[in-house]
Each structure stands twice: as C-alpha cells, then as structure tokens.
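To start, the structure itself, in structure tokens.
In my numbering, the protein residues as written are 32 to 218.
Right under this line is the structure:
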C-alpha cells in the first residue's frame, strides 16, 4: 500500500510539472506582419492612409520590431507620417531603426541622438499566463526647442493558429491620449 502511494505521488508530481511547463509556453511573434485596417480599431488618419508592415525578430533574450510604411498619403492639414506625437505605432519615417526590447523584464534606457536627443526607456513584461507580451516605452526629448514626453504600452497577443497578431495600444504624447486595437495578418 505504501508503495502504491509513492507511485501515485510521483505520477501526480510528474503530471504537475508537465502541465506547468506547457502552460508557460510563450508565443514567438517572429515573422512579417501586414496591417489589417478592416479589423483594426482607433487608427489615426496617418495609419489609415498607409500600408504598414512589421517585421519581428525574437529569441529568448529579445524582441525587435521594424516598421515599414509605404503608399503614404498626407491628409490635408496633417504632418504626414512620422509627424511627431504620441507614438503612432512607430508608423513614421525617421524612427531610427527597429524598436528592441529585452525579454528579461528589466528596463533599458538609451540616449537618443539626432535632432531630438533625449532618452528612451523600454521594458517588456510577460502576462501571468505567458500569452501576452506588454511592451512599454517612455521617450523624452526636445524638438524645435520644445520639450516633449511620449509614452506607449503595446500588448501583443497571437491567435490560436499564430496567423493573427493583435496589438492593444495606449499612448500619450503631444497629440493627446490614444487607444487603439491594431490587427496584423502574417504574410
């Protein structure tokens, strides 16, 4: 009887470890993704007037998102893509390359170069269930003699089949507060 309890206990422990490990599998967002304007909500005018592609690379240590914007049309009275403001999903020219985040949960601050200077602090955090990756960024600097601060939080999640990337974004900056849900399809 004692032996039966030991075997049952060992099997229960093994099952718990297997379930815990499988529940902690984190998604890999790597790939090329194209903006699906029809499924997205809260897009600003600049995003609605452009074709946007994200190329994401990811490994155990970091994730990088490179944005490509094509077929842009400047709306009347607008500054066109990249015209400053609260982030805009990185949809502007002159963004200085890919956005890179470390996946160790630590904040990383880099000093900005170019005409705006300032700094950018980023942090990536996995949700408790490991299915959503939160990418936060706080940028400060000066543009044309005016100090600015913009913040953004992107919550990335994948569909069950891995073919749809949903980004729930909250940003604050010189253009005010913006909330949007941006949907990308895997290419």
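Glycine included, every Cβ here is placed at the ideal spot set by N, Cα and C.
Cβ-Cβ distance between residue i and residue j below 8 Å
| i | j | result |
| --- | --- | --- |
| residue 15 | residue 133 | With the chain covering only 32 through 218, there is no way to say anything about residue 15. |
| residue 72 | residue 212 | yes |
| residue 215 | residue 74 | no |
| residue 62 | residue 217 | yes |
Same chain only: Cβ atoms within 8 Å of residue i, ignoring 5 sequence neighbours per side
| i | result |
| --- | --- |
| residue 92 | 133, 134, 135 |
| residue 57 | 157, 161, 162, 164 |
Separation of residue j from residue i, as counted between CA atoms
| i | j | result |
| --- | --- | --- |
| residue 101 | residue 159 | 36 Å |
| residue 188 | residue 82 | 21 Å |
| residue 203 | residue 164 | 19 Å |
| residue 130 | residue 196 | 17 Å |
| residue 64 | residue 143 | 27 Å |
| residue 201 | residue 174 | 22 Å |
| residue 120 | residue 98 | At residue 120 the pLDDT is 43, less than 50, meaning the model places this residue with poor confidence; the figure from the coordinates comes in the next sentence. About 9 Å. |
| residue 117 | residue 84 | With a pLDDT of 37 at residue 117, under the threshold of 50, the predicted position of this residue should be treated as unreliable, and no value is reported. |
| residue 208 | residue 179 | 14 Å |
| residue 86 | residue 210 | 22 Å |
| residue 190 | residue 70 | 13 Å |
| residue 68 | residue 194 | 16 Å |
| residue 141 | residue 192 | 35 Å |
| residue 94 | residue 137 | 13 Å |
Own chain, CB closer than 6 Å to residue i, minus 5 neighbours either side, in chain order
| i | result |
| --- | --- |
| residue 153 | 132, 139, 168 |
| residue 166 | 132, 155, 185 |
Neighbourhood of residue i by C-beta distance below 7 Å, restricted to the same chain and skipping five residues each side
| i | result |
| --- | --- |
| residue 199 | 186, 212 |
Which listed residue (the options) has its alpha carbon closest to that of residue i
| i | options | result |
| --- | --- | --- |
| residue 181 | 86, 147, 63 | 147 |
| residue 79 | 60, 103, 86 | 103 |
| residue 183 | 86, 205, 88 | 205 |
| residue 89 | 59, 70, 128, 68 | 59 |
| residue 96 | 68, 193, 128 | 128 |
Give the list of continuous beta strand (DSSP E) stretches no shorter than 3 residues that lie fully inside the stretch 134-177. For the stretch 134-177, whole beta strand (DSSP E) runs of length 3 or above, ordered along the chain, are 139-142, 150-157, 164-174.
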